[in-house]
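Chemist: Read in order, the letters of the sequence shown correspond to residues 487 to 764 in our numbering.
For each residue, glycine too, the CB sits at the ideal point set by N, CA and C.
Please see the structure below; I have some questions.
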Amino acid sequence: MHIPVTTLNDGLTVPEIGFGTYKLNGNVGVNAITSAIDIGYRLIDTAYNYENEGTVGEAIRRSTTPREQLLITSKLPGRYQPYDKAVIAIQESLYRANLDYYDLYLIHWPNPQQDIYVEAWQALIDAKKWGLIRSIGVCNFLPEHLERLDKETGVLPSMNQIELHPFFNQEALRKWHEEHNVKTESWSPLGRASAVLQNDTIGEIADQHQKTISQVILRWHYQLGAISIPKSSTPSRQLENISIFDFSLSESEMTTISKLTLPDGRLKGQDPAIYEEF
Ligand SMILES: NC(=O)c1ccc[n+]([C@@H]2O[C@H](COP(=O)([O-])OP(=O)(O)OC[C@H]3O[C@@H](n4cnc5c(N)ncnc54)[C@H](OP(=O)(O)O)[C@@H]3O)[C@@H](O)[C@H]2O)c1
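Here it is in structure tokens:
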């Protein structure tokens with residue numbers, strides 16, 4: 487399976503599609519993640535708060551793919567944003583997965599009311615210097631948060647993982663990312679299997695290309711310049727979701743899908759200016 491790659495602003499090369507693992511825990515999770523690796527996924531997305539870094543680590547151990555060919559992402563929870571706690575949490579994340587390093591480590595939410603995401607960021611900068619992480623990024627940051635990181639530490643994240651799907655296309659934030667060389671990564675790229683997977687407009691485009699709605703949506707992410715990380719516990723869907731590099735959407739098809747966006751098309755109204763997660 488050939489997957490195109492992209493190089494982040496700090497030089498790390500990553501695949502243009504990855505695998506989400508939220509809700510993949512225990513033995514069922516290990517089997518699903520091992521299957522995804524066998525099918526060809528190399529970028530695996532976990533988080534401290536998914537309570538499955540151990541599951542990901544076990545899948546890596548059982549897989550025949552060498553560790554150095556995989557790119558593993560985890561995330562720092564809000565409750566560990568104070569600098570000293572962040573350093574310990576990163577170490578704990580590694581112990582849970584039984585890994586020596588993460589390829590990517592992200593701040594999970596900015597939690598702006600707490601106002602300590604800059605010291606969490608400093609911990610990630612230092613952990614990178616110590617060799618615990620190869621590339622550092624964030625999730626759910628707004629331009630004002632990203633600008634503050636840059637101003638106070640001089641380091642912009644390599645990526646910002648944000649909610650992005652056809653009902654919430656994040657046009658303004660993607661533009662900001664492009665202008666500042668921060669890679670966009672899409673969470674819930676299939677809208678967590680909500681109404682978007684039944685959308686008639688996307689369905690017509692899918693029929694034209696003899697592809698599924700999921701494949702058209704994931705191709706749309708790729709052509710927007712965003713890395714998507716679809717999750718599936720089903721091997722046939724895992725294969726379907728990664729088989730998107732043998733067709734392309736026209737400019738007008740891209741526009742048609744982008745126009746499905748809604749003023750607040752967030753799945754659960756999780757606006758990072760207000761919503762906090764610990
Ligand atoms: N940073 C953050 O704040 C944040 C927030 C949310 C998620 N994430 C990350 O993003 C990843 C992806 O997001 P997500 O898991 O919320 O949602 P998603 O990937 O958009 O959707 C997953 C759902 O879609 C179904 N599905 C997958 N492929 C399908 C296909 N080809 N046809 C029909 N249904 C399909 C899956 O079912 P089956 O599993 O039954 O196949 C599952 O119910 C997460 O797993 C997590 O790693 C990050």
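1) Roughly how many angstroms lie between the CA atoms of lysine 509 and valine 542, to the nearest whole one?
2) Whole-angstrom Cβ separation of leucine 562 and isoleucine 576, contact assumed at under 8 Å?
3) How about asparagine 538 and threonine 559: do their beta carbons lie closer than 7 Å?
4) Tell whether a beta-carbon distance below 7 Å holds between phenylalanine 653 and glycine 751.
5) Ignore the nearest five residues each way along the sequence and tell me which others in methionine 740's own chain have a CB closer than 8 Å to its CB.
6) Just the C-alpha distance for glutamine 567 and glutamate 671, rounded to the nearest angstrom, thanks.
7) According to the neighbour-count rule (16 or more other Cβ atoms, all chains shown, within 10 Å of its Cβ), is phenylalanine 733 buried or exposed?
8) Across which residues does DSSP place glycine 623 in a beta bridge pair?
9) Taking the CB atoms as reference points, tell me whether alanine 518 and serine 719 lie closer together than 7 Å.
10) Please classify valine 616: does DSSP put it in a helix, a strand, or coil?
11) Can you look up threonine 550 in the DSSP assignment and give me helix, strand or coil?
12) Whole angstroms is fine: what's the gap from glutamine 647's alpha carbon to alanine 606's?
13) Rounding to the nearest angstrom, what Cα-Cα distance links leucine 746 and glutamine 656 in this structure?
14) If arginine 634 and valine 604 are in contact, beta carbons under 8 Å, what's the gap, nearest whole angstrom?
15) So what does DSSP say about alanine 712, is it helix, strand or coil?
16) With respect to 6 Å, is the separation between the Cβ of leucine 590 and the closest non-hydrogen atom of ligand 1 below this value?
17) Taking the Cβ atom as the reference point for each residue, do glycine 504 and aspartate 531 lie within a distance shorter than 7 Å?
18) Since tyrosine 581 contacts alanine 609 with CB under 8 Å, what's their CB separation in whole angstroms?
19) Is it the case that the CB of aspartate 524 approaches a heavy atom of ligand 1 more closely than 6 Å?
20) Go to glutamine 577, then tell me how far its alpha helix (DSSP H) extends in each direction, as first and last residue.
21) Taking the beta strand (DSSP E) that glutamate 649 falls in, what are its first and last residues?
22) Return helix, strand or coil for proline 721, following the three-state DSSP convention.
23) Between the region 687-696 and the region 712-730, are three or more C-beta pairs nearer than 8 Å?
24) Helix, strand or coil, according to DSSP, for glutamate 544 in the structure here?
25) Run through the DSSP bridge pairs and tell me what valine 491 is partnered with.
26) Ignore the nearest five residues each way along the sequence and tell me which others in leucine 494's own chain have a CB closer than 7 Å to its CB.
27) Lysine 509 by DSSP, collapsed to three states: which one?
28) Between leucine 748 and valine 491, what straight-line distance do the alpha-carbon atoms span, to the nearest angstrom?
Modeler: In brief:
1) 12 Å
2) 7 Å
3) no
4) yes
5) Trp706, Gln709 and Leu710
6) 22 Å
7) exposed
8) Leu592
9) yes
10) It should be pointed out that residue 616 corresponds to tryptophan in this sequence rather than to valine. It is coil, neither helix nor strand.
11) coil
12) 17 Å
13) 12 Å
14) 6 Å
15) strand
16) no
17) yes
18) That belief does not hold up - the Cβ atoms of tyrosine 581 and alanine 609 are roughly 16 Å apart, past 8 Å.
19) no
20) 569-583
21) 645-649
22) helix
23) no
24) helix
25) Pro501
26) Val500, Ser621, Ser644, Met645 and Lys669
27) coil
28) 30 Å
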